[in-house]
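*Asks:* Just so you know, we're using my numbering here: the sequence shown kicks off at 98 and counts up by one.
All residues carry an ideal CB built from backbone N, CA and C; glycine is no exception.
Values in this document were obtained by computation on a predicted structure and should not be read as measured data.
What follows is a single structure, and I will ask about it in a moment.
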Amino acid sequence: LIPYFIAAHPGTTDEDMLELALWLKRNGFKADQVQAFYPSPMATATAMYHSGLNPLKGVHRDSRGEKVDIVRGEKRRRLHKAFLRYHDPNNWPLLREALKAMGRADLIGNGKQHLIPTFQPSTDGGYQSARRKNSTPGGAGKGAASGVGAGGGTGKAPTKGRVLTQHTGLPPRAGVKGKRGRGDV
């Protein structure tokens, strides 16, 4: 089972997303499958998106309904997605800027209680998910022996009462070959 998160959903505020990011970090969960909300026909969330009102609380002709926060604009949509993917170094500059603007600079630091670190590692722009780490890089057709070698991984050992999964930091398995994709021969 792979959880799939929707970011920038109608009714969520920046503070809601920050609280969710803190909860995810506190519980050791790294969301990999994240998509920004896209209005689709016949959905209650689409009605919320277009009207700015919560249809579950009753909508009246004179607009007395409960107003909800609608995430519009590319920058805010990227921010909400970045909160869910707080563990991706490519999102850290955007999150640092937002946390300072929200008055939550106390969450920027190098301790366990902080959401993101103060430093920015040099990245190639490509985040590799925990699921991809267990696959062979570049597809199975190109040198199957170039997969994850023995002794690979992060060295994290499960502690008593803690189950490691692909989403909570499971290290790559030694000698595991990736699945063959549709285009692989």
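#1: Determine the closest residue to Phe134 out of Asn188, Gln210, Leu176, with distance taken between C-alpha atoms.
#2: In the DSSP assignment, what are the bridge partners of Gln210?
#3: Among the candidates Leu98, Gly125, Leu150, Met139, whose CA atom is the shortest distance from the CA of Thr109?
#4: Below 7 Å between beta carbons: does that hold for Ala104 and Lys178?
#5: By DSSP's criteria, Ala133 is part of a beta bridge. Which residues make up the other side?
#6: Can you tell me where the alpha helix (DSSP H) holding Glu288 begins and where it ends?
#7: Please confirm whether Trp189 and Gln217 have their CB atoms less than 7 Å apart.
#8: With Glu171 as the anchor, note down where its alpha helix (DSSP H) starts and where it stops.
#9: With distance defined between alpha-carbon atoms, name the residue in Arg158, Leu212, Gly125, Asp129 nearest to Leu261.
#10: Could you check the C-alpha separation between Leu171 and Leu267 for me, to the nearest Å?
#11: Report yes if the CB atom of Val165 is closer than 7 Å to the CB atom of Met145, and no otherwise.
#12: Quick one: grab the DSSP three-state call for Leu192.
#13: Starting from the Cα of Lys127, find the closest Cα among Leu192, Arg193, Tyr183 and give me that residue.
#14: Quick one: residues in its chain with C-beta nearer than 7 Å to the C-beta of Gln130, no 5 flanking neighbours on either side, listed in chain order?
#15: Alpha carbon to alpha carbon, what distance is there between Lys257 and His106?
#16: Express the C-alpha separation of Arg173 and Lys154 in angstroms, rounding to a whole number.
#17: Hey, Leu181 and Leu117 are a contact pair by Cβ (cut 8 Å); roughly how many whole angstroms apart?
#18: Assign Leu153 to one of three DSSP states: helix, strand, or coil.
#19: With distances taken Cα to Cα, identify the nearest neighbour of Arg123 among Arg270, Ile213, Ala271.
*Replies:* Taking the coordinates as given:
#1: Here the question's residue 134 lines up with position 37 in the sequence shown. Comparing Cα-Cα distances from Phe134 to each of Asn188, Gln210, Leu176, the minimum goes to Leu176.
#2: Sequence index remark: in the sequence shown, residue 210 carries index 113 (1-based). None, per the DSSP bridge assignment.
#3: By one-based count along the sequence shown, residue 109 stands at place 12. It is Leu150 whose Cα lies nearest to the Cα of Thr109.
#4: The residue you call residue 104 lines up with position 7 of the sequence shown. The residue you call residue 178 lines up with position 81 of the sequence shown. Less than 7 Å separates the beta-carbon of Ala104 from that of Lys178.
#5: For this step, residue 133 is matched to residue 36 along the sequence shown. Per DSSP, Ala104.
#6: No answer is possible for residue 288: it lies beyond the span of the chain, which begins at 98 and ends at 282.
#7: Mapped onto the sequence shown, residue 189 falls at position 92. Mapped onto the sequence shown, residue 217 falls at position 120. Cβ atoms of Trp189 and Gln217: closer than 7 Å.
#8: Against the sequence shown, residue 171 aligns to sequence position 74. Run containing Glu171: 171-181, per the alpha helix (DSSP H) assignment.
#9: Within the sequence shown, residue 261 is the residue found at index 164, counting from 1. Comparing Cα positions, the closest option is Gly125.
#10: On the sequence shown, position 74 is the one that residue 171 refers to. On the sequence shown, position 170 is the one that residue 267 refers to. Residue identity differs from the one stated: residue 171 is Glu in this sequence, not Leu. Cα to Cα, Glu171 sits roughly 33 Å from Leu267.
#11: Within the sequence shown, residue 165 is the residue found at index 68, counting from 1. Within the sequence shown, residue 145 is the residue found at index 48, counting from 1. Yes, the Cβ-Cβ distance between Val165 and Met145 is below 7 Å.
#12: Taking the sequence shown and counting its residues from 1, one reaches residue 192 at position 95. DSSP places Leu192 in helix when its eight states are reduced to three.
#13: Sequence index remark: in the sequence shown, residue 127 carries index 30 (1-based). Comparing Cα-Cα distances from Lys127 to each of Leu192, Arg193, Tyr183, the minimum goes to Tyr183.
#14: Sequence index remark: in the sequence shown, residue 130 carries index 33 (1-based). Answer for Gln130: Ile99, Pro100, Tyr101, Phe102, listed in chain order.
#15: The residue given as residue 106 occupies position 9 in the sequence shown. The residue given as residue 257 occupies position 160 in the sequence shown. One C-alpha to the other measures close to 37 Å.
#16: Counting from one through the sequence shown, the residue named residue 154 turns up at place 57. Counting from one through the sequence shown, the residue named residue 173 turns up at place 76. If you draw a straight line from the Cα of Lys154 to the Cα of Arg173, it comes to about 25 Å.
#17: Sequence index remark: in the sequence shown, residue 181 carries index 84 (1-based). Sequence index remark: in the sequence shown, residue 117 carries index 20 (1-based). Going by Cβ atoms, the distance from Leu181 to Leu117 rounds to 7 Å, so yes, they are a contact pair.
#18: Translated into positions along the sequence shown, residue 153 becomes position 56. Three-state DSSP puts Leu153 in a helix.
#19: Within the sequence shown, residue 123 is the residue found at index 26, counting from 1. Restricting attention to Arg270, Ile213, Ala271, the CA atom closest to the CA of Arg123 is found in Ile213.
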